[in-house]
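2 protein chains.
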Amino acid sequence: MPEIAISVEEKAYALLKEDAEKILQLIKVQIDNLTMPQCPLYEEVLDTQMYGLSREIDLAVRLNLVSEEKGKSLLDNLERQLNILHEASQKSAQG
Amino acid sequence: MPEIAISVEEKAYALLKEDAEKILQLIKVQIDNLTMPQCPLYEEVLDTQMYGLSREIDLAVRLNLVSEEKGKSLLDNLERQLNILHEASQKSAQG
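From first to last, the protein sequence lines are chains A and B. Residue numbers for the first sequence follow our numbering, so the first one is 1 and each next one is one higher. Residue numbers for the second sequence follow our numbering, so the first one is 96 and each next one is one higher.
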């Protein structure tokens with residue numbers, strides 16, 4: 001096997017990180033376009049997206065491609081970043 | 096490798112089939128408990144569940160664990176079975 005080959009484990013983690021990044025970008029676009037974070041649609045989109053990612057991570061964990069810890073920290077990290085975005089947008093709405 | 100070993104591809108497909116089956120069972124339970132299929136909550140649960148499964152299948156396809164055709168037919172099959180359940184419940188509600 002050449003060193004350049006990417007294992008299915010590495011690919012799984014890379015894809016999950018990519019998908020988490022996509023959710024973050026989607027929410028950034030929503031905030032930048034002044035769709036208020038208080039809007040129920042925003043909450044619904046976010047919940048659905050987070051659910052989808054959590055199902056992907058769960059599948060990767062069940063396939064032993066990603067450890068439970070790594071999967072959990074991926075989701076926790078995204079939630080933390082979303083909270084920061086959310087708080088910043090609320091502050092700028094008030095200011 | 097002993098013959099009994101299951102490849103990650105086989106395991107991925109088995110898990111996806113299991114998850115599709117769980118959605119079908121969930122909807123059956125909802126129908127049996129007379130939560131009407133016209134109820135918006137039912138639609139929302141179903142949409143979210145289907146979205147979650149489609150994300151799992153998409154990940155497995157991107158990892159080359161399941162072919163696009165097999166993934167698509169898994170989802171199509173589930174939709175077909177859900178339609179049958181849905182129609183049956185509407186007929187019994189009318190009858």
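Heads up, the beta-carbon is just placed ideally off N, CA and C, and yes, glycines get one too.
CA-to-CA, the gap between leucine 170 of chain B and glutamate 138 of chain B works out to about 17 angstroms.
Boundaries for valine 66 of chain A: no alpha helix (DSSP H) harbours it, and the DSSP string shows neither H nor E there.
Distance from leucine 111 of chain B to glutamate 151 of chain B at the Cβ level is roughly 6 angstroms; contact confirmed, criterion being Cβ atoms closer than 8 angstroms.
Under the 8 angstroms criterion on CB atoms, glycine 52 of chain A is classed as interfacial with respect to chain B. Between the alpha carbons of alanine 155 of chain B and valine 61 of chain A lies a distance of about 12 angstroms. Annotation: Cβ neighbours of valine 103 of chain B in chain A (cutoff 9 angstroms, chain order): Val8, Leu63, Asn64 and Leu65.
Here the C-alpha atom of glutamine 94 of chain A lies approximately 37 angstroms from the C-alpha atom of alanine 14 of chain A. In the three-state DSSP reduction, alanine 88 of chain A falls in the helix class (H, G or I).
For isoleucine 6 of chain A, there is no enclosing alpha helix (DSSP H), as DSSP gives it neither H nor E.
Judged by their CB atoms, valine 161 of chain B and alanine 107 of chain B are nearer to each other than the 8 angstroms cut-off.
Taking C-alpha positions only, valine 8 of chain A is separated from glutamine 144 of chain B by approximately 26 angstroms. For the segment 9–33 of chain A, the residues whose beta carbon sits under 7 angstroms from a beta carbon of chain B are, in order, Lys11, Ala12 and Leu15.
Contact annotation for leucine 74 of chain A against chain B: no contact, minimum CB-CB distance about 13 angstroms [criterion: below 7 angstroms].
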